[in-house]
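Heads up, the thing below is written out as structure tokens.
In my numbering, the protein residues as written are 1 to 162.
What follows is the structure, given as structure tokens:
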């Protein structure tokens, strides 16, 4: 399931907009602008975060991991079985593993990551039949907005026009 139109609801678009707003906060401290939001089945935001690797000096401080941690505290359990994770960029292997381990029901992401994506681009961790949990996946939700934000960050860092 990688079609932006399959399984996408207006609430999904709204949650992805919240993830994009979160991603923009990463720019304040020089982190890659990736944002994530965990939403309950009833639509309540349980966790939100943006990349904080630079500000924390922590290689695991990816938006997805931080949002999942926050949601687990709110729920009172590491099992986020009735939740959806919205993230602006296809998760890496670490974050895809965290998605599987947290048991989220749905993973919705924006832009694909052909260099490090682990939800179908380079690897497909979340759909590996050898693992004990496989969330529903929808990719490409507000993909262009997500990609534009990333290009605007990386352009100046790579000597490219923003």
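Glycine is no exception: its CB is placed at the ideal position from the N, C-alpha and C atoms.
The model shown is predicted, which means the values in this text are computed figures rather than measured ones.
Between residue 47 and residue 68, the gap from beta carbon to beta carbon is short of 8 Å. Under the three-state reduction of DSSP, residue 84 is assigned to strand. DSSP places residue 39 in the uninterrupted beta strand (DSSP E) bounded by 35 to 40. Counting along the chain, residue 98 sits inside the alpha helix (DSSP H) bounded by residues 93 to 102. Per DSSP, residue 118 lies in no beta strand (DSSP E) segment and is marked neither H nor E. The beta carbons of residue 30 and residue 54 sit closer together than 8 Å. Judged by DSSP in its simplified three-state form, residue 12 adopts helix.
Under the 8 Å Cβ criterion, the segment 121 to 138 does not count as touching the segment 146 to 155, having fewer than three qualifying pairs. Per DSSP, reduced to three states, the secondary structure at residue 45 is strand.
Linking residue 52 to residue 145 through their CA atoms gives a straight-line distance of about 21 Å. When 129, 58, 138, 36 are compared, the shortest CA-CA separation from residue 71 is found for 36.
According to DSSP, residue pairing for residue 111 in a beta bridge involves 89.
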